[in-house]
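*Asks:*
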Amino acid sequence: MEQHELDARGLSCPLPVLKAQKRLRALAAGDRLVVLATDPKAPGDFTAFCEERGHALRSIDETGGFFTVTIEKKG
3 MEQHELDARG LSCPLPVLKA QKRLRALAAG DRLVVLATDP KAPGDFTAFC EERGHALRSI
63 DETGGFFTVT IEKKG
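The end of the sequence shown is residue 77 by the numbering used here, with every number in the run present.
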């Protein structure tokens, strides 16, 4: 399992999720993607995205004015 990071701070919905979706395609099953996002809709958007796509949403934390979303790719 590898961990990758995507900085989506400053981007508005739906761009953080779209960029995460593209990045996840390149990862192996079980890899984790940590997304940094400032969009206030990010928690709900990523929750819905993971439920729809079958990825595991490992955590959503808010610190320092941004969200840190950890997604594990399904597989």
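Don't be surprised by glycine CBs; every beta carbon is placed ideally from N, CA and C.
1. Would you say H61 and T72 are within 8 Å of each other, going by their C-beta atoms?
2. So the candidates are P16, A39 and Q5; which of them puts its Cα closest to the Cα of A28?
3. Under the DSSP definition of a beta bridge, which residues are partnered with T40?
4. Please name the residue, chosen from K76, P18, M3 and L8, that lies closest to K43 on a Cα-to-Cα basis.
5. Does the distance from the CB of D9 to the CB of L38 come in under 8 Å?
*Replies:* So, from the data block:
1. A quick correction: the sequence has Ser, not His, at residue 61. For S61 and T72, yes; Cβs fall inside 8 Å.
2. Ranking the options by Cα distance to A28, first place goes to Q5.
3. Beta bridge pairing from DSSP links T40 with no other residue.
4. Answer by Cα proximity: P18.
5. Contact: yes.
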